[in-house]
Structures are given as C-alpha cells and as structure tokens.
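Okay, structure first, notes after.
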Amino acid sequence: MIALVDCNNFYASCEALFQPKLIGKPVVVLSNNDGCVIARSAEAKALGIPMGVPAYQIDTQGVEIRSSNFALYGDISGRVMRILARFSPRQEIYSIDECFLDLPDDIDLRTLAHDMRATIRREVGIGVGVGIAPTKTLAKAANWKAKKSGAGVWVIDSHKSRQELLASMPVDEIWGVGRKHSKRLISWGIQTALDFTEKVSEVWIQEKMSITGVRTWKELRGKPCILLEDITPPKKSTMVSRTFGTGTDRLNDLEEAVASFALSAAEKIRKDKLAANTITLFFHTDFHRKDREQYSPSGTTSFFSPTNDSFTIIQTALTMLRGLFRPEFLYRKAGVMLGNLVPADEVQLTLFDTGESPARKQLLLAMDAVNYRFGKETVKPAVLGVGGKPWKLKQSLRSGRFTTCWDEIVEVRV
DNA sequence: TCTGGGGTCCTAGGACCC
DNA sequence: TCTGGGGTCCTAGGACCC
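Residue numbers for the first sequence follow the working numbering, beginning at 17 and rising by one.
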C-alpha cells in the first residue's frame, strides 16, 4: 500500500507556528515579489480568497498577510519529512509539503496513519492529512477525501471503498488531470473520477490524453503504473528567474540581475555536483501591460564542455544579454536556465579542452565555503554590482527566519 | 500602480542518416 | 502515369505537478 501524507495549508501553518497570534485568523502568504496569493489558512479559504489572485485585488480587512519565507518553510518541511521517514524505509519526497510512503498491507493502516498525524502534531506542530491506497493516484484521491471529509485519514482497501470515493470525486480533482483535460472531459459527460474509470476505454483515453492519461486511468482502476521513486533521480535542468520589483530599461540593471541569477544557478548545480551543457537566458517586458509593445527574447548557448564554473556561466549569460538587449523597452523579468545537466565528475572534455584549472576549482570551493558560512554573496563577482538595486524584489512582509538564522530566533520572555 | 517560481514528461514535425 | 523503407535526434509547444 502507498500513503500520501500532505501538510494542511503548509505555508500558512508554518507562519502560525512561531506567531501564535495568527492561530484561528485568516492568513495569506504571497508569492515572490508580494505578487499573488500562494497559500491560505483555513480561515482565509473560508473568506473566499481564491488561490493565485493578485494581492492588490483581495480585501485585506482583518487578513494577516505575509511575504513568502522559504528558509522557514524548507526547514519545517525537513522536520516533517524526517519524522515520516521513521514510519517507512521507502519514502519519496514529492514536494515541499507532501511525501509518498511505502507501507505493508498486513498492518492496521488506520492506526498507523493516526499515529503519524499525532507525532507530527506533537513534534512539529503542523497538521497533516493521510491518504492510503494501492496506487499513488488512488493515495492522492484518498488524501483528497481525508481533507474534504475532515476525517484527516482515508484508506482505500476494498473495491467498494474505491468505487464510493471515486463516485464522489469530480474529474478535475484527479491527480494528473489538469484544467484543459478536465474541461474537455466534462464536455463529454465525464463528471466524476468513477465516470473516468468506467465510461471510457483505454484506447479512447490514449487518443485523447496520450500515455500519461492511460497511466492515470489504470492507476485509478487499481493497477500501479507510477512507481515510488525513493531514490531521487538527478535533476535535468535548473532555473533561477525573478520578476523585478520595478521595470527597468537600463542595461546595467539587467546585467546585475542576470549575473546574480547565473551565479545562483551555478551555485545550485555545484551543490548537486552537476555540470551544465547548455545555458538559456530569457528576459521580457511586462506581459500584463496590454497597451504596450512586448519584447521577449531568449537564447540558448552550448558550453565548450560541461561546466559549473560561476565565471564562465556569468560571462556566457552576459554575452547573450548584450546581444539581445534593446534599450527601447521596459523590462520586468529575467531568468537563467542551466540544462542538460550531467554529473560533474563524469564530464566529457572536448579534444582541445583541458578542463578547469585546479586553481579555478579551488577558488570556487573557497567562495562557496565563505558564502555558506557568512551568508549569500559575501564574496561575489563585481559585475553583480554593489549598493541599491532598483530591480530587487519587494518582500515587505516577511516573517522571521525563526529556525535557520540566529539573529531571528524567537525570543521567549518569562 | 499592482499578476511567482521551478520543474517533468509527451508528442509531432523537421532534419538528418543509410 | 509510375520515385522505398527504416531509423535517430532535436526542438517547440502543450499539459501537467507543486
């Protein structure tokens, strides 16, 4: 059997963890740049605040608003995941707030699930829902039911319990069926997950939704097609991109931003011991300004041989930027993607390439060590700029990094 | 005024090979 | 009149996930 454990209103719950005055209040967490709503407490959902709406459109009366604080959420996530790992030798961490667990089918699964919930509640203080079923897609469905019903735990362990759950589940709630497909399915009279499994054939699904649709269809019928990936496969690409706090038409601003994204991306892949074969740069104007002409260039360059060298990566990104930049536009967002990642110790050199010099490798190692110890960008290439950065993010409402930063740890006065 | 960031997989079509 | 058969690789775009 497979369990899907999912934290309730995760980001909002993390905020309330160290700010008890938020408990019982409508809490909303905003995306980077304080743009739109990405998480809501139960109370905020009850007020009818939708997911994804721009922050300026919501009625903020009586609502506690926070900027996103990923240092905090990541740390809390790690605590939850380590507890769940105690319940099964095989765990797949699927996202920051949920994981799959492989469970034996000859134990009392309901008792185990309640035990997980109680342990996480006691040791971390976060509420979770647990869905248990024979396949991942059904475990997702059971988790949906666990939340929807308020029971917190739901188990699909018989034909009857499966049929009943699927009959009560709208197609658009199925894991793997998104907006486009659910619209089409409903137009064909397929309303529920049960309709999806019983009203249409495998061939029909293959034709309309390709092989991925067929997998979902089989999984809902109880046949496992999506395996538990307890060994994380290596990343194939990584991206760093940001919307700017304000638009800019200055090449110098874009250079600083792009250099900073390129540096972050390089640090990420070095941490994962990977090297990139390609780099993609993109930047664009404000898509929401329908009244203005848009400009959205992008370009991809292959490295001479795979690299994770910050300096090479920054230089390549800046060369592309200078070639694509046009001064007559106001830019709102930029990003750098490193692709075709390969293990750094298996890099295949080209005939005329001797690889990175040992001195350069030492320099990068030293920079990573200093920045790890003293904070991001303590030492950095000068092209990232110093002083004010008009393009920087708005993040005015961030709570403390209570668990990862000594200066921001909670103070308790007795 | 104001709208996030980071991933994966699949398919079709083009370019190319012999 | 009439022009093969069998592959691979790459890319863009779409759909999905959180």
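Virtual Cβ for every residue (Gly too), placed ideally from N, Cα, C.
From a predicted model like this one, the values you see are computed outputs, not experimental measurements.
Sequence-distant Cβ neighbours of residue 227 in its own chain, meaning closer than 8 Å and more than five residues away, do not exist here. Cβ atoms of residue 259 and residue 49 come within 8 Å of each other, at about 5 Å. Secondary structure at residue 293: strand, using DSSP grouped into helix, strand and coil.
Distance check between residue 348 and each of 415, 317, 299 places 299 closest, using alpha-carbon atoms only. For residue 95, there is no enclosing beta strand (DSSP E); the enclosing alpha helix (DSSP H) has its first and last residue at 86-101.
Here the alpha carbon of residue 237 sits roughly 18 Å from the alpha carbon of residue 223.
Counting every other CB atom within 10 Å of its CB across the protein chains shown gives residue 264 a total of 16 or more, marking it as buried. Bridge pairing for residue 107: 117 [DSSP].
Residue 170 sits in a strand when the DSSP states are folded into three classes.
For the options 389, 82, 23, the alpha carbon positioned closest to that of residue 412 is the one of 82. The beta-bridge partner set that DSSP reports for residue 301 consists of 347.
Looking from the CA of residue 270, the closest CA among 333, 243, 231, 211 belongs to 333. A Cβ-Cβ contact shorter than 7 Å links residue 254 with residue 285. Between residue 344 and residue 257, the alpha-carbon positions lie close to 22 Å from each other. Runs of beta strand (DSSP E) with 3 or more residues, each lying fully within the region 240-282, are found at 254-264, listed in chain order. Per the coordinates, the alpha-carbon of residue 109 lies some 42 Å from the alpha-carbon of residue 368.
Taking one beta carbon from each stretch, the region 129-137 and the region 25-38 have fewer than 3 pairs nearer than 8 Å; the two do not touch.
The beta carbons of residue 149 and residue 17 sit about 7 Å from each other, so the pair counts as a contact at 8 Å. DSSP places residue 50 within a helical segment (H, G or I) once states are collapsed to three.
With contacts defined by Cβ atoms closer than 7 Å, residue 198 and residue 188 form a contacting pair.
In the DSSP secondary-structure assignment, residue 67 is not bridged to any residue.
When Cβ pairs closer than 8 Å are counted between the two stretches, the region 411-425 is seen not to touch the region 301-311, the count staying below three. Separation of the CB atoms of residue 172 and residue 201 is rounded to 22 Å, and the pair is thereby denied contact status at 8 Å.
Residue burial is scored here from C-beta neighbours: residue 65 has at least 16 other C-beta atoms within 10 angstroms and is therefore classed as buried. The residue among 384, 67, 231 with its C-alpha nearest the C-alpha of residue 281 is 384. In its chain, beyond the 5 residues on either side, 116, 147, 155, 156, 159 have a beta carbon closer than 6 Å to the beta carbon of residue 20.
The three-state reading of DSSP puts residue 393 in coil, since its state is none of H, G, I, E or B. If you compare the alpha carbons of 326, 409, 166 with that of residue 378, the shortest gap goes to 326.
For residue 18, the pairing in a beta bridge is given by DSSP as 118, 149. Between residue 409 and residue 67, the alpha-carbon positions lie close to 21 Å from each other. When C-alpha distances from residue 84 are compared across 370, 94, 27, 118, the shortest belongs to 27.
Between residue 357 and residue 278, the C-beta spacing is not below 7 Å. Per DSSP, the beta-bridge partners of residue 323 are 292.
Here residue 80 is bridged, per DSSP, to 43.
Separation of residue 324 and residue 394 (C-alpha to C-alpha, rounded to the nearest whole angstrom) is 19 Å. For residue 104, same chain residues with a beta-carbon under 8 Å away, outside a window of 5 residues either side, are 19, 117, 118, 119 in chain order.
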